[in-house]
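Structure first, commentary second.
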Amino acid sequence: MENLTIILMNVQEQLKVIQQNADKIIGLEDIEKRLARGKRLRIKLGVDPTRPDLTFGHMVVFNKLRQFQDLGHECILLIGDYTATIGDPSGRSDTRPPLTPEEVKSNAKTYLEQAFLILDREKTIIRYNSEWLGKMSFGDMLMLTRSMTVARMLERDDFAKRYAENTPISIVEFLYPLIQGYDSVMLESDVELGGSDQLFNNLVGRKLQEEIGQEPQAVLTLPLIVGLDGVKKMSKSYHNYIGFNDSSKDMFGKIMSIADETMWVYYKLLLLLSDSEIAALKKEHPMQCKKDLAKRLVSRFFGDEVGKKELENFEAVFSRNEIPVDMPGFSWETLFPGKPEAKLIDILIASNQFATNSEARRALEQGSVKVNQIKETDGFSVIPKPERDIVVQAGKRKFFKIFG
RNA sequence: GGUGGGAUACUCAAGCGGCCAACGAGGGCAGACUGUAAAUCUGCUGACAAUUGUCUACACAGGUUCGAAUCCUGUUCCCACCA
440 MENLTIILMN
450 VQEQLKVIQQ
460 NADKIIGLED
470 IEKRLARGKR
480 LRIKLGVDPT
490 RPDLTFGHMV
500 VFNKLRQFQD
510 LGHECILLIG
520 DYTATIGDPS
530 GRSDTRPPLT
540 PEEVKSNAKT
550 YLEQAFLILD
560 REKTIIRYNS
570 EWLGKMSFGD
580 MLMLTRSMTV
590 ARMLERDDFA
600 KRYAENTPIS
610 IVEFLYPLIQ
620 GYDSVMLESD
630 VELGGSDQLF
640 NNLVGRKLQE
650 EIGQEPQAVL
660 TLPLIVGLDG
670 VKKMSKSYHN
680 YIGFNDSSKD
690 MFGKIMSIAD
700 ETMWVYYKLL
710 LLLSDSEIAA
720 LKKEHPMQCK
730 KDLAKRLVSR
740 FFGDEVGKKE
750 LENFEAVFSR
760 NEIPVDMPGF
770 SWETLFPGKP
780 EAKLIDILIA
790 SNQFATNSEA
800 RRALEQGSVK
810 VNQIKETDGF
820 SVIPKPERDI
830 VVQAGKRKFF
840 KIFG
């Protein structure tokens, strides 16, 4: 079945798919040669299970792996479980504590659950680098370090920068690219995927394979996607990300909050639209395009029904200033058992929608609170136990309902 | 191993004995304006408290003082330079 796909699609057609959205491809001719002789390519994507929450940044790379899957190639998702238990030192900002094997295992599990929202579960081969790294001796490791020089390491952009700025670089960090490269040797991969920041590391794999006499892997990097701020790359540490685990409402809202320019990038990298398709979209009203983007992406993760629902919700709340179709609700009796009335401030606090009481107070002071669509600034105004539902709103995002 | 420098709220970064819950910038939140945004302008941004009150905070532990983020002592961690 898979082989059939390969036969049906000729080399040039495949190369076109493979090259779509690629940032850099090192060894394109190697890919072409292997395809020409009918080889089923082995694709490697290494993932780091220290942070199990996937963002749309990961989606760009997963999309590419998915494309390879659809072409019928052999796709390996390599979980860096061994490396995670050592601790990833790359954090200039925060040092990540090494994880225990149990943590790694459970992280990997949640990671995979999310990854399969994009990947084809049936066609994904899962491997763990502890399979071989766990068996390596110190001597083996020393052998490996012979293939790399300090000067070459310092070619890597971020190392060079940090060295110049006197920011510390730990020796383990020098070891990481080697370890990653060794993974490629063990897997005998034909192509390694990664974000554009992984170029150097992935090239180390290519080099090691060559030294050992394997056919060197090609390296295909994908652009890093820009985050919600429209400036920095999407990353959890910048708090500018959209996560696979976000609620459908948050996902929709976050997408709507991106800048217009960012939207086209998302169309291209996340939905894989072609340039001509995007050019056509640009003729439409940007707001319409953005709503459509949000709806399509939310549908991708939550299904068409939810996508449609969130669109309606958004239009109601933001375009028509209405209340959303669904929101959290509390019954009066659970909040104020036996009480015939309550102060507005106490209602806000009891609803648990505010991180602190002060925050609730501030919302009132700033005039963002509405009760049944009517603005309220006095926290001490008394609300009687309602006969019918009342809707409380704070800002554009917080809504909740109290039923009597 | 030696010498110097540093540790302040989400981040960066002032403050160097009272006027400090702590300048300023970024971020976040809210309001105005808009096409959802972006940009712009304005306000808020430790907690608790029915206005000006209390508590907790400036690495940690003590001390000096009427009073300390600010001075002293010790501890921990970080950085640079020299070995």
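Per the working numbering, residue 440 is the first one in the first sequence, and the count goes up by one each step. For glycine and all other residues, C-beta sits at the position ideal for the given N, C-alpha and C.
Next item on the list: Have a look at I829 and A799 and give me their C-alpha separation to the nearest angstrom.
Entry: Looking at the two C-alpha atoms, the distance is approximately 18 angstroms.
Check: Around the Cβ of G496, are there at least 16 other Cβ atoms within 10 angstroms (buried) or fewer (exposed)?
Finding: Classification for G496: buried.
Notebook entry, point to check: In terms of alpha-carbon separation, which member of K835, K729 and G620 lies closest to I651?
Noted result: With respect to the C-alpha of I651, the residue from K835, K729 and G620 having the closest C-alpha is G620.
Note to self: Could you compute how far the alpha carbon of T588 sits from the alpha carbon of G573?
What the structure shows: Between T588 and G573, the C-alpha separation is close to 24 angstroms.
Notebook entry, point to check: Helix, strand or coil: how does DSSP classify R827 here?
Noted result: Note: R827 maps to coil in three-state DSSP.
Next item on the list: In the DSSP assignment, find the unbroken beta strand (DSSP E) run with R800 in it and report its ends.
Entry: Element bounds for R800: not the beta strand (DSSP E) but the alpha helix (DSSP H), N796 to E804.
Next item on the list: Decide if T534 is buried, meaning its Cβ has at least 16 other Cβ atoms within 10 Å, or exposed.
Entry: Any reading at T534 must be qualified, since the residue scores a pLDDT of 42, below 50, and its modelled position is unreliable; the value itself is stated next. Of the residues assessed, T534 falls on the exposed side of the cut-off, its CB having fewer than 16 other CB atoms within 10 angstroms.
Next item on the list: Could you tell me if M440 is buried or exposed, where buried requires 16 or more neighbouring beta carbons within 10 angstroms of its beta carbon?
Entry: Low confidence applies to M440: its pLDDT is 45, below 50, so where it sits in the model is not reliable enough to give any reading.
Next item on the list: Given a cut-off of 8 angstroms, decide if V500 and Y550 are closer than it, judged by their beta-carbon atoms.
Entry: Cβ atoms of Y550 and V500: not closer than 8 angstroms.
Notebook entry, point to check: Excluding sequence positions up to five away, which residues of its chain have a Cβ less than 6 angstroms from the Cβ of Q508?
Noted result: If we look at Q508 and ignore the five residues flanking it on each side, its Cβ neighbours are C514, D559 and K562.
Checklist line | Contained beta strand (DSSP E) runs [length at least 3] in the segment 445–489, N- to C-terminal order | finding: As far as the segment 445–489 is concerned, its whole beta strand (DSSP E) runs of at least 3 residues are 463–465 and 481–486.
Check: For S656, which option in A554, K646, L454 and V665 has the closest C-alpha, if you only look at C-alpha atoms?
Finding: What sits at residue 656 in the sequence shown is Gln, not Ser. Out of A554, K646, L454 and V665, K646 has the C-alpha closest to the C-alpha of Q656.
Check: From T660, D699 and L638, pick the residue whose C-alpha is nearest to that of G666; which is it?
Finding: Across the set T660, D699 and L638, the C-alpha of D699 shows the shortest separation from the C-alpha of G666.
Margin query: L708 and N546 - do their beta-carbons sit closer together than 8 angstroms?
Written below: Cβ distance not < 8 angstroms, so N546 and L708 don't count as in contact.
Checklist line | Alpha carbon of E751 to alpha carbon of I681, nearest angstrom | finding: Near 20 angstroms, if we compare the C-alpha coordinates of I681 and E751.
Check: Any idea what DSSP makes of V381, helix, strand or coil?
Finding: No information on residue 381 is available, as it lies outside the stretch 440 to 843 that the chain covers here.
Check: Cβ of L663 within 8 angstroms of Cβ of I694?
Finding: Judged by their CB atoms, L663 and I694 are not nearer to each other than the 8 angstroms cut-off.
Margin query: Let me confirm a value: T584 is counted as buried when at least 16 other C-beta atoms fall within 10 Å, else exposed. Which label applies?
Written below: It counts as exposed.
Check: Nearest to L638 by alpha carbon, out of E815, I465 and Q812?
Finding: Measuring from the Cα of L638, the nearest candidate turns out to be I465.
Check: If you draw a straight line from the C-alpha of I841 to the C-alpha of I784, how long is it?
Finding: For I841 and I784, the distance between alpha carbons rounds to 14 angstroms.
Next item on the list: Give the C-beta separation of F683 and M766 to the nearest angstrom, bearing in mind that I take them to be a contact with Cβ-Cβ under 8 angstroms.
Entry: Not a contact, Cβ separation roughly 23 angstroms.
Notebook entry, point to check: CA-CA distance, N449 and V831?
Noted result: Here the alpha carbons of V831 and N449 stand approximately 60 angstroms from one another.
Next item on the list: Select from A781, H724 and R827 the residue whose C-alpha is nearest the C-alpha of M817.
Entry: A quick correction: the sequence has Asp, not Met, at residue 817. If we check each option's Cα against that of D817, A781 comes out closest.
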